[in-house]
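Novice:
Residue numbers (the numbering used here): 2 to 450.
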């Protein structure tokens with residue numbers, strides 16, 4: 002340690018005559034510490050001094066000890082010292098020196114010194130924390146060079162160091178983006194489709210990651226309005242029977258606009274829905290035959306004698322192609338309700354009763370009574386003698402029912418020349434006649450198949 006002269010202290014050994022003087026220095030600038038070496042050299046210097054002559058001997062005596070000096074070390078065991086001077090009084094004139102030591106040395110700071118910790122070298126870097134992608138790796142050092150002891154400070158700083166590390170790229174599983182907006186319907190009418198899409202880009206699959214699961218396109222049906230449907234003809238239906246069983250006739254066939262039918266303002270089928278053609282079949286004469294009689298009609302009167310009739314048609318079959326007409330009448334007339342009416346019998350009874358009374362009471366009135374009897378007899382015959390009906394003239398023929406291909410026309414007569422009365426028979430025969438007309442073929446018709 003460097004020396005410290007400190008304040009100079011001179012002690013005279015004699016106050017008279019020949020003597021010695023000394024001075025000391027302390028090893029305290031700074032004192033040795035932490036096993037450092039003591040100051041080199043002596044801590045005391047002496048020299049001869051001569052004062053005035055001594056009158057007599059004076060024995061020396063020690064002064065009080067000065068305070069202890071600083072311990073030579075702060076820990077681990079050192080020394081301290083204190084001094085005293087043989088100066089109370091100083092021996093003089095041949096007096097004896099003080100007995101004992103002028104320096105007192107004592108042990109101090111014997112507690113072990115604190116050992117502050119020191120770090121060892123860093124260990125090797127540990128493996129990366131992940132096998133792929135960005136991770137971290139650490140390395141350690143230990144506070145053992147030296148270990149802290151005796152209350153020494155722990156190592157300053159961190160014992161862990163971290164740095165980033167990069168492994169191979171990690172697999173990234175794909176994830177869908179948001180769905181796009183729905184597109185417009187693919188058709189302006191009828192059924193169409195609307196679609197929307199999404200992409201496997203949020204994120205895309207990378208480095209062996211799984212692709213997105215599910216569909217990238219979604220489709221739904223849409224319908225703005227029904228489309229117009231143009232009508233189209235179906236197949237022709239079979240030909241109808243010919244209008245005539247023989248000779249020239251017509252037959253037709255139709256087709257329907259149903260394949261498909263027009264819908265939603267679609268146009269109708271173009272062209273006609275009917276075809277006609279002419280056919281010629283050889284005709285054999287067909288003789289007419291009567292149909293069965295229809296039921297009797299109501300009687301013309303409810304009493305006093307009337308008629309009723311029933312009819313039949315020459316239509317089983319109708320005479321055709323020169324065949325014979327049916328023989329006989331188409332009307333059958335029969336008498337009905339021939340009993341006298343109650344009101345007429347009562348009147349005749351009253352009349353004859355009065356006439357008989359007059360005849361018995363008043364014979365003079367015989368001639369007038371006979372006249373009245375003759376008149377009443379005529380009245381009787383007028384009421385009870387029947388009148389047979391007779392036909393009036395035929396009317397003119399009516400118009401033909403067709404202008405070509407064969408039609409019919411009719412004429413009529415009435416049973417009024419005279420009308421049947423008082424139970425007289427009705428006119429015999431039909432009141433209607435029918436004949437064919439307009440038998441020429443209609444122009445512009447093709448032959449039937």
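Note that CB positions come from ideal geometry on N, CA and C, so glycine has one too.
Keep in mind the model is a prediction, meaning the values are calculated, not measured.
#1: So the candidates are 57, 395, 168 and 327; which of them puts its Cα closest to the Cα of residue 317?
#2: Suppose the cutoff is 7 angstroms on Cβ atoms and the five residues either side in sequence are ignored; what does the same chain contact list for residue 131 look like?
#3: Short of 6 angstroms in beta carbon distance, which residues of its chain neighbour residue 430, apart from the five on each side in sequence? Order them along the chain.
#4: Assign residue 99 to buried or exposed, taking buried as 16 or more other Cβ atoms, counted over all protein chains shown, within 10 Å of its Cβ.
#5: Among 269, 134 and 397, which has the Cα closest to the Cα of residue 260?
#6: On the three-state DSSP scale, how would you describe residue 334?
#7: Could you give the uninterrupted runs of the alpha helix (DSSP H) lying entirely in the region 105-186, keeping only those of 4 residues or more?
#8: Please return the same chain residues whose Cβ sits closer than 8 angstroms to the Cβ of residue 101, not counting the five positions on each side in sequence.
#9: Assign residue 28 to buried or exposed, taking buried as 16 or more other Cβ atoms, counted over all protein chains shown, within 10 Å of its Cβ.
#10: Taking three-plus beta-carbon pairs below 8 angstroms as touching, is the region 218-228 in contact with the region 292-310?
#11: Taking all protein chains shown into account, do 16 or more other C-beta atoms lie within 10 angstroms of the C-beta of residue 245, making it buried, or fewer, making it exposed?
#12: Give me the residue from 340, 33 and 283 with the minimum Cα distance to residue 305.
#13: With a threshold of 8 angstroms on Cβ separation, who are the neighbours of residue 77 within its own chain once the five nearest residues in sequence on each side are excluded?
#14: Helix or strand or just coil, what does DSSP make of residue 389?
#15: Using C-beta distances below 7 angstroms, list every residue in its chain close to residue 333, excluding the 5 sequence neighbours before and after it, in chain order.
#16: Distance check for residue 152 and residue 140, CA to CA, integer angstroms please.
#17: Please confirm if the region 190-198 is in contact with the region 210-223, defined as three or more CB-CB distances below 8 angstroms between the two stretches.
#18: With distances taken from CA atoms, which of 214, 166, 189 and 162 is nearest residue 178?
Specialist: Per the coordinate set shown:
#1: Along the chain shown, read from residue 1 onward, the residue named residue 317 stands at position 316. Measuring from the Cα of residue 317, the nearest candidate turns out to be 327.
#2: Position 130 of the chain shown, counting from 1, holds the residue named residue 131. The residues are 168.
#3: As a working mapping, residue 430 is identified with position 429 in the chain shown. Taken in chain order, the residues that qualify are 330.
#4: As a first step, residue 99 is located in the chain shown; it is residue number 98 there, counting from the start. Label assigned to residue 99: buried.
#5: Counting from 1 along the chain shown, the entry for residue 260 is found at position 259. Out of 269, 134 and 397, 269 has the C-alpha closest to the C-alpha of residue 260.
#6: On the chain shown, residue 334 is found 333 positions in, with the first residue counted as 1. In the structure shown, residue 334 sits in a strand (DSSP, three-state: E or B).
#7: none
#8: The residue you call residue 101 lines up with position 100 of the chain shown. So the qualifying residues of the chain are 63.
#9: In the chain shown, the residue the question calls residue 28 occupies position 27. With 16 or more Cβ atoms within 10 Å of its Cβ, residue 28 is classed as buried.
#10: no
#11: The residue labelled residue 245 in the question sits at position 244 within the chain shown. Buried.
#12: Residue numbering aside, residue 305 sits at position 304 when the chain shown is read from its first letter. When each option's Cα is compared against that of residue 305, the closest is 340.
#13: Along the chain shown, one-based indexing puts residue 77 at 76. Only 35, 36, 110, 111, 112, 113 and 114 meet the Cβ criterion.
#14: Numbered from its first residue, the chain shown carries residue 389 at position 388. Coil, per DSSP.
#15: For this step, residue 333 is matched to residue 332 along the chain shown. Hits under 7 angstroms: 294, 310 and 311.
#16: Here residue 140 corresponds to residue number 139 of the chain shown, with the count starting at 1. Here residue 152 corresponds to residue number 151 of the chain shown, with the count starting at 1. Taking the straight line joining both Cα atoms gives about 27 angstroms.
#17: yes
#18: If you number the chain shown from 1, residue 178 lands on position 177. Among 214, 166, 189 and 162, the Cα nearest to that of residue 178 is on 214.
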